[in-house]
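If you read the sequences in order, they're chains A and B.
Residue numbers for the first sequence follow our numbering, so the first one is 1 and each next one is one higher.
Residue numbers for the second sequence follow our numbering, so the first one is 107 and each next one is one higher.
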Amino acid sequence: MTLAALEITSSYYLVLAAMVFTIGAVGVLTRRNVLVMFMCVELMLNAVNLSFVAFARALDDVTGQVIVFFVLVVAAAEVAVGLAIIVAIFRRRRHATADDLRALRG
Amino acid sequence: MIPVLFFLAAAATLAGALGVVLARNPVHAALFLVQTLIGVAVLFLLQDAELVAAVQVIVYASAIVVLFLFVIMLLGVDRAESMEDRVPYQRPAAIALGVILLVELLVLAGHEWATGQPTASGVPLEGGGFGGNVERVARVLFTDFLWAFEITSVLLVIAVVGAVVLARRSGQRGAPIDAPEGADEGDAGAAEEARV
Chain A
1 MTLAALEITS SYYLVLAAMV FTIGAVGVLT RRNVLVMFMC VELMLNAVNL SFVAFARALD
61 DVTGQVIVFF VLVVAAAEVA VGLAIIVAIF RRRRHATADD LRALRG
Chain B
107 MIPVLFFLAA AATLAGALGV VLARNPVHAA LFLVQTLIGV AVLFLLQDAE LVAAVQVIVY
167 ASAIVVLFLF VIMLLGVDRA ESMEDRVPYQ RPAAIALGVI LLVELLVLAG HEWATGQPTA
227 SGVPLEGGGF GGNVERVARV LFTDFLWAFE ITSVLLVIAV VGAVVLARRS GQRGAPIDAP
287 EGADEGDAGA AEEARV
């Protein structure tokens with residue numbers, strides 16, 4: 001079988017990471033639910049993590065895997081603060097869609 | 107074997123990512139997110155990143171997604187959102203921008219400098235007498251990145267304090283939801299910081 005003989009280079013991972021990042025970016029732009037927008041941000045962060053690990057493999061340096069930990073920490077902090085903001089908004093407005101936040105306009 | 111695993115995990119990752127964007131129900135989106143995260147964890151394993159894969163499953167696919175689901179259930183937003191846009195042409199414009207972004211990223215991924223020379227110094231993935239994957243990551247994390255590691259602890263404390271202050275219920279029980287939030291907000295925030 002030719003598939004089993006195929007060598008998976010880091011370019012495959014980079015292309016996959018690019019696709020996942022794009023899907024996440026389009027999701028942030030199109031979805032109106034703030035929670036789903038957050039999930040799309042997580043998708044983008046994961047795509048970046050994937051390319052970091054791919055580069056760690058390609059350059060044979062474990063530093064790329066260490067950076068993933070810092071991305072994880074920042075993602076966790078972002079989720080904690082972001083969900084608190086969503087809860088605070090929802091308590092006032094009974095909705096959690098981005099269109100309801102137009103009152104933030106100056 | 108490895109190409110088969112790669113394409114299976116890649117298909118699961120892409121399908122989950124599309125599911126997150128396309129699912130009308132936020133709960134379904136969160137479950138598709140789990141699928142994507144586990145697929146990415148398999149891809150980490152294929153690239154000799156065992157510790158990162160384990161952390162991905164434990165922290166991301168478990169803790170963070172559970173947090174998402176908890177907020178979805180708490181707020182009761184698990185109904186389908188309306189897909190109509192208040193800004194006309196937003197969806198086609200977003201998809202066009204996404205296609206442009208994808209083309210840019212693919213061009214960058216195929217470039218020479220993106221897959222350049224290995225670094226001379228640094229801990230390799232295998233060999234050199236550094237032990238297993240966990241030892242290698244720990245060695246780099248607690249030597250080269252020690253300062254950044256300490257800074258992240260400050261970041262986490264700030265995030266926790268911020269989340270507590272933001273999500274704290276202002277006013278007494280039974281107070282109207284739109285009651286103005288007065289000076290007690292700042293006092294409570296200061297008290298929280300003092301306690302931390």
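Positions of the beta carbon are idealized from the N, C-alpha and C atoms, including for glycine.
Closest Cβ-Cβ distance between proline 194 of chain B and chain A: below 9 Å? Chain A, which has no Cβ nearer than 9 Å to the Cβ of proline 194 of chain B, makes this no.
Proximity below 9 Å, CB of threonine 63 of chain A to CB of valine 229 of chain B: Against a cut-off of 9 Å, the Cβ pair of valine 229 of chain B and threonine 63 of chain A comes out as a contact.
Can we say the segment 53–61 of chain A touches the segment 4–16 of chain A, given the rule of at least three CB pairs closer than 8 Å? Counting Cβ pairs under 8 Å, three or more are found: they touch.
Taking 8 Å as the cut-off, is the C-beta of tyrosine 166 of chain B nearer than that to any heavy atom in the ligand COA? The ligand COA is not part of the structure shown, which contains no ligands of any sort.
Strictly under 9 Å for the Cβ-Cβ distance: is arginine 275 of chain B near chain A by that measure? Yes - at least one Cβ of chain A is within 9 Å of the one on arginine 275 of chain B.
Beta-carbon gap between glutamate 42 of chain A and leucine 139 of chain B smaller than 9 Å: Contact: yes.
From this set, A/Ala5, A/Ile8, A/Thr30, which residue's C-alpha is nearest glutamate 194 of chain B's C-alpha? Looking at the sequence shown, residue 194 of chain B is not glutamate but proline. The residue with the shortest Cα to Cα distance from proline 194 of chain B is A/Thr30.
Beta-carbon of methionine 179 of chain B versus every beta-carbon of chain A: anything under 9 Å? It does not: the Cβ of methionine 179 of chain B has no partner Cβ on chain A nearer than 9 Å.
For serine 11 of chain A and chain B, any beta-carbon pair shorter than 9 Å? Yes, serine 11 of chain A lies at the interface with chain B (some Cβ there is under 9 Å from its Cβ).
Compute the Euclidean distance between the alpha carbons of valine 158 of chain B and valine 48 of chain A, then round it to the nearest angstrom. C-alpha separation (whole angstroms): 13 Å.
What are the residues of the segment 18–40 of chain A that lie near chain C, defined by any Cβ-Cβ distance shorter than 8 Å? Of the protein chains in the structure, A and B, none is chain C.
Please report the residue range of the alpha helix (DSSP H) in which asparagine 131 of chain B lies. From DSSP, asparagine 131 of chain B is part of no alpha helix (DSSP H); its letter is neither H nor E.
Compute the beta-carbon to beta-carbon distance between valine 243 of chain B and valine 66 of chain A, rounded to the nearest angstrom, for a pair I have assumed lies under 8 Å. Confirmed, Cβ separation roughly 6 Å.
Which value, in whole angstroms, describes the spacing of the CA atoms of proline 198 of chain B and valine 177 of chain B? Roughly 30 Å between the two C-alpha positions.
Assumed close pair serine 51 of chain A, alanine 17 of chain A - CB separation to whole angstroms, cut-off 8 Å: The distance from the Cβ of serine 51 of chain A to that of alanine 17 of chain A is about 4 Å, consistent with a contact at the 8 Å cut-off.
N-terminal and C-terminal residue of the alpha helix (DSSP H) that tyrosine 13 of chain A is part of: 10–30 is the extent of the alpha helix (DSSP H) around tyrosine 13 of chain A.
Cβ-based neighbour list, arginine 245 of chain B, same chain, cut-off 7 Å, excluding 5 preceding and 5 following: So the list reads Val229, Phe236, once near-sequence residues are dropped.
Can you tell me whether methionine 107 of chain B is buried or exposed, with buried defined as 16 or more other CB within 10 angstroms of its CB? Here methionine 107 of chain B is exposed. Its C-beta has fewer than 16 other C-beta atoms within 10 Å.
9 Å Cβ cutoff, arginine 118 of chain B in contact with chain A: Sequence check: residue 118 of chain B is alanine here, not arginine. For alanine 118 of chain B, the answer is no, since every Cβ of chain A falls outside 9 Å of its Cβ.
Just checking, does the segment 252–272 of chain B make contact with the segment 168–175 of chain B on the three C-beta pairs under 8 Å criterion? Taking a cut-off of 8 Å on C-beta distances, the segment 252–272 of chain B does not touch the segment 168–175 of chain B, as fewer than three cross pairs fall below it.
Contacts that valine 79 of chain A makes with chain B (C-beta to C-beta distance below 8 Å): Per Cβ cutoff of 8 Å: Ile170, Leu173, Phe174.
C-alpha gap between valine 270 of chain B and isoleucine 86 of chain A, whole angstroms: Distance between the alpha carbons of valine 270 of chain B and isoleucine 86 of chain A is about 13 Å.
Extract the residue ranges of the alpha helix (DSSP H) inside the segment 127–179 of chain B, only unbroken runs of 4 or more that lie entirely within it. Every unbroken stretch of the alpha helix (DSSP H) spanning 4 or more residues and falling wholly within the segment 127–179 of chain B is given here in chain order: 132–152, 156–161.
Cα-Cα separation between glycine 204 of chain B and glycine 234 of chain B, rounded to whole angstroms: Distance between the alpha carbons of glycine 204 of chain B and glycine 234 of chain B: 43 Å.
List, in order along the chain, the chain A residues whose C-beta lies closer than 7 Å to that of alanine 265 of chain B? Here the neighbours are Ala77, Ala80, Val81.
Contacting positions in the segment 140–157 of chain B - beta carbon closer than 9 Å to chain A: Residues of the segment 140–157 of chain B with a C-beta atom less than 9 Å from some C-beta of chain A are Thr142, Leu143, Val146, Leu149, Phe150, Leu152, Gln153, Asp154, Ala155, Leu157, listed in chain order.
If you reduce the DSSP assignment to three classes, tell me which class alanine 117 of chain B lands in. Alanine 117 of chain B: helix per DSSP, three-state reduction.
Identity of the residue in A/Ala5, A/Thr2, A/Phe21, A/Thr9 nearest leucine 211 of chain B by Cα: That would be A/Phe21, whose Cα lies nearest to the Cα of leucine 211 of chain B.
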